[in-house]
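Enquirer: Sharing a structure, written as structure tokens. Questions coming.
2 protein chains.
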Amino acid sequence: MQISDFARLTGLTRDTVRFYSRLGLLRPRTNGKGGRHPYSVFTDKDVRAVDIIRISQSLGMSLKEIATLNEERREGHLTCERGIEVLSAQLVRLEAKATELEMMKSYVRAKIDWLTRGKQGQQPDFESYARGGSCGSSCF
Amino acid sequence: MQISDFARLTGLTRDTVRFYSRLGLLRPRTNGKGGRHPYSVFTDKDVRAVDIIRISQSLGMSLKEIATLNEERREGHLTCERGIEVLSAQLVRLEAKATELEMMKSYVRAKIDWLTRGKQGQQPDFESYARGGSCGSSCF
DNA sequence: TGTAACTGTGGACCACACTCCACAGTCAAG
DNA sequence: CTTGACTGTGGAGTGTGGTCCACAGTTACA
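Protein chains in written order, with numbering that gives the first Met the number 0: chain U, 0 to 139; chain Y, 0 to 139.
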């Protein structure tokens, strides 16, 4: 498909698609069309790539980082071990983020709880969740 | 404590601290010092606030969003129900992010697995994890 | 009382991630 | 072969999240 359809499908603007292509985040091929400025053609695989970009981004990765990882992944396909290495590193980062998220969730839940109970006891303190520290009154 | 100590403690630069203060992310009080341009003084509570800012940010929230939530939380403290409302909304967002993260983790893990096994079977496809869809060969 | 270390202010500057625009080439349908 | 929809290019502009700097006022210590 050409850029407009692709943009519609992914919810990106054409400009953003071109921007991502310039950054190497998307690798459109060309059909014969377009003459001196060949038209970009995208596949369903690219649509999925955008899903991944979006999620990676919402997890706080920069486009450059995402591009680098994609790049490495592409190269890593050649050397299997390198591929595993790169992906493992990525997994570690994801797990770290997951831990942070769980901290935040616990904290927010505790705060909701505290409010629901009519502010009884000590106001939840982020530190207790942040450093996995021992909490005061609410521990068994 | 004054801004330099606070900066040292949080690992932010003085400029960033001031920047955050301008955005309303931090709410330093003043001691009598500084004359016409009163000095900012920060507390341990502000240090914890920075922890939360950092994590929220790394989870993809903008400073404006974080400030708004802080703001609402502050106001919500007056009306308990409103506070619960705001925090619940925040929790929903955090849970959505957690789901995304889990998707990514499953995907990356599957990819590592696939490589470790010497690329046997079908190459893992992000779609299967993204939409919680049924997978082909690797399901029981 | 001097001086070094601290403070806030205002403004310029930066990278990132877009977004918009004018322009010109290309394609496809009639 | 015209016409309208589509395409890429280059460049300028925007908002966010800082960072840097010169400047001037304030403080604390000797």
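C-beta: ideal position from N, C-alpha, C; glycine also.
Since the model is a prediction, treat every value here as computed from it, not as a measurement.
Mind checking which residues open and close the alpha helix (DSSP H) that includes Asp143(U)?
Expert: Since the displayed chain U opens at 0 and closes at 139, residue 143(U) lies outside it and no answer follows.
Enquirer: By the DSSP assignment, the alpha helix (DSSP H) with Met0(U) in it spans what residues?
Expert: Met0(U) -> no alpha helix (DSSP H), and no H or E assigned at all.
Enquirer: For the pair the region 37–49 of chain Y and the region 79–90 of chain U, tell me if three or more CB-CB distances fall below 8 angstroms.
Expert: The region 37–49 of chain Y vs the region 79–90 of chain U: no contact.
Enquirer: Can Gly57(U) and Gly59(Y) be called in contact, C-beta distance under 8 angstroms?
Expert: The identity of residue 57(U) in the sequence shown is Ser, whereas the question assumes Gly. It is a contact, given that the beta carbons lie within the stated cut-off.
Enquirer: Since Tyr38(U) is in the alpha helix (DSSP H), which residue starts that stretch and which ends it?
Expert: Segment: none, Tyr38(U) is in no alpha helix (DSSP H) and carries neither H nor E.
Enquirer: Listing by chain order, which chain Y residues have their CB less than 7 angstroms from the CB of Glu126(U)?
Expert: Ordered by position in chain Y, the residues that pass the 7 angstroms Cβ test against Glu126(U) are Arg47.
Enquirer: Of all Cβ atoms in chain U, is any one closer than 8 angstroms to the Cβ of Glu71(Y)?
Expert: Output row for Glu71(Y): interface = no.
Enquirer: Just the chain Y side, please: which residues come within less than 7 angstroms of Leu93(U) by C-beta, in chain order?
Expert: Those within 7 angstroms of Leu93(U) in chain Y are Leu100, Met103, Lys104 and Val107.
Enquirer: Check for me: the alpha helix (DSSP H) holding Ser61(U) runs from which residue to which?
Expert: Taken as a continuous stretch (DSSP letters only), Ser61(U) belongs to no alpha helix (DSSP H), as it is neither H nor E.
Enquirer: Is there at least one Cβ from chain Y nearer than 8 angstroms to Ser61(U)'s Cβ?
Expert: For Ser61(U), the answer is no, since every Cβ of chain Y falls outside 8 angstroms of its Cβ.
Enquirer: List the residues of chain Y whose Cβ lies closer than 9 angstroms to the Cβ of Leu58(U), in chain order.
Expert: Within chain Y, the residues near Leu58(U) are Ser57, Leu58, Gly59, Lys96, Glu99, Leu100 and Met103.
Enquirer: Taking Cβ-Cβ distances below 8 angstroms as the criterion, which residues of the region 21–37 of chain U are in contact with chain Y?
Expert: Residues: none.
Enquirer: Kindly list, in the order they appear in chain Y, the residues whose Cβ is closer than 8 angstroms to that of Leu167(U).
Expert: Absent from the structure is residue 167(U), since the part of chain U shown begins at 0 and ends at 139.
Enquirer: Between Asp50(Y) and chain U, is any beta-carbon pair separated by less than 8 angstroms?
Expert: With 8 angstroms as the cut-off, Asp50(Y) counts as an interface residue toward chain U.
Enquirer: On the criterion of 16 or more Cβ atoms from any shown chain inside 10 Å, does Gln121(U) qualify as buried, or is it exposed?
Expert: Under this definition Gln121(U) is an exposed residue.
Enquirer: Between the alpha carbons of Gly132(Y) and Arg7(Y), how many angstroms are there, rounded?
Expert: Because Gly132(Y) sits at a pLDDT of 44, beneath the cut-off of 50, its placement in the model cannot be relied upon, and the point is left open.
Enquirer: At which residues does the alpha helix (DSSP H) containing Gly10(U) begin and terminate?
Expert: Careful: Gly10(U) lies outside any alpha helix (DSSP H) and carries neither H nor E.
Enquirer: Which value, in whole angstroms, describes the spacing of the CA atoms of Leu114(Y) and Ser20(U)?
Expert: Going from the Cα of Leu114(Y) to the Cα of Ser20(U) covers about 27 angstroms.
Enquirer: Which first and last residues belong to the alpha helix (DSSP H) in which Thr98(Y) is found?
Expert: Cys79 to Thr115 is the span of the alpha helix (DSSP H), which, as asked, contains Thr98(Y).
Enquirer: Could you tell me the alpha carbon to alpha carbon distance between Lys118(Y) and Tyr38(U), rounded to whole angstroms?
Expert: Distance between the alpha carbons of Lys118(Y) and Tyr38(U): 34 angstroms.
Enquirer: Given that Ile65(U) touches chain Y, what residues does it touch there, using C-beta distances under 7 angstroms?
Expert: The contacting residues do not exist; Ile65(U) stays about 12 angstroms from chain Y at best.
Enquirer: At a Cβ threshold of 8 angstroms, is Ser3(U) touching chain Y?
Expert: Not one chain Y Cβ lies under 8 angstroms of Ser3(U).
Enquirer: Restricting to Cα atoms, I'd like to know which of Arg92(U), Met102(U) and Leu90(U) is closest to Leu93(Y).
Expert: Comparing Cα-Cα distances from Leu93(Y) to each of Arg92(U), Met102(U) and Leu90(U), the minimum goes to Met102(U).
Enquirer: Do you know whose CA, among Gln1(Y), Ser61(Y), Phe41(Y) and Arg108(Y), lies nearest Ala88(U)'s CA?
Expert: Nearest option by C-alpha distance: Arg108(Y).
Enquirer: From Ile65(U) to Leu24(U), what distance separates their C-alpha atoms?
Expert: Answer to the nearest angstrom: the Cα atoms are 7 angstroms apart.
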